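Q: So the number in our numbering is just where the residue sits in the sequence shown, counting from 1, plus 127.
We put the CB at the ideal spot given by N, CA and C, even for glycine.
These numbers come from a predicted model, not from an experiment.
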Amino acid sequence: MMFKILMSACLCGEHCRYDGKANTIENKIMNTWKEEGRIVMVCPEMAGGLPVPRDPAEIIGNKVISKSGRDVTSEYTEGAGEALRLARENDVIFCIMKENSPSCGSHEVYDGTFSGKKVFGMGIAAAMLEENGFRVYNEHQIIEAYRELDEAEYEEEMYEAVMNLRF
Ligand code: SF4
Numbered sequence: 128m129m130f131k132i133l134m135s136a137c138l139c140g141e142h143c144r145y146d147g148k149a150n151t152i153e154n155k156i157m158n159t160w161k162e163e164g165r166i167v168m169v170c171p172e173m174a175g176g177l178p179v180p181r182d183p184a185e186i187i188g189n190k191v192i193s194k195s196g197r198d199v200t201s202e203y204t205e206g207a208g209e210a211l212r213l214a215r216e217n218d219v220i221f222c223i224m225k226e227n228s229p230s231c232g233s234h235e236v237y238d239g240t241f242s243g244k245k246v247f248g249m250g251i252a253a254a255m256l257e258e259n260g261f262r263v264y265n266e267h268q269i270i271e272a273y274r275e276l277d278e279a280e281y282e283e284e285m286y287e288a289v290m291n292l293r294f
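1) For K245, count neighbouring Cβ atoms within 10 angstroms of its own Cβ and tell me buried if that reaches 16, exposed if not.
2) From the DSSP output, read off the bridge partner residues of F247.
3) Here's a check: name, in chain order, each residue in its chain whose Cβ is nearer than 7 Å to the Cβ of L213, leaving out the five neighbours to either side.
4) What are the start and end residues of each continuous alpha helix (DSSP H) run of 4 or more residues lying completely inside the region 170–224, in chain order?
5) Are the CB atoms of V263 and G248 within a distance shorter than 8 Å?
6) Confirm the yes/no value for this check: CB of S230, any heavy atom of the ligand SF4, distance under 7 Å.
7) Do you know offhand how far G206's Cα is from Y281's?
8) Rounded to the nearest angstrom, what separates R144 and N154 at their Cα positions?
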């Protein structure tokens, strides 16, 4: 079995950010994962039905509110559910999601004042993935993620070797 990686689409070069831009990561590890066909891309905000470009939004209490004041909690929740569905259906071992996003952030998000201030916290999709057992790394933790994948593949190979000896 080849372990897959669920990744924020904007990190893979998709222009799906609120402003129509991407947050492309380019390095050797990413290139290898792409060539191996390991990456499952998702943009939870688009998966929840939001367009590009769109109004930026931030988490305020238990809601997600756009800069113009629209409650977009249901779109964010639906997109998070889609990210979880993709992770469950694709042998995903872990996720790599864009830090600070109200959907994909895994350590820090903006504080809800649209002033650029950040607070500890997780985006809606990242939190749902973690609650359901999928570890979420951010784009600054690619090497850590690479090590986890390497170890998991080694264990899988050892397991298969032992099973082949027994049967
Ligand atoms: Fe990128 Fe996630 Fe925002 Fe989509 S929702 S643009 S994948 S950070």
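A: Taking the definition as stated:
1) Exposed, since its Cβ has fewer than 16 Cβ neighbours within 10 Å.
2) DSSP, once it has assigned bridges, lists E235 as partnering F247.
3) For L213, where only same-chain residues beyond five positions count, the Cβ hits under 7 Å are L133, V167, V169.
4) Complete alpha helix (DSSP H) runs here, min 4: 171–174, 200–216.
5) 8 Å or more divides the Cβ of G248 from the Cβ of V263.
6) Under cutoff, so the answer is yes.
7) Rounded to whole angstroms, G206 to Y281 spans 33 Å at the Cα level.
8) Looking at the two C-alpha atoms, the distance is approximately 21 Å.
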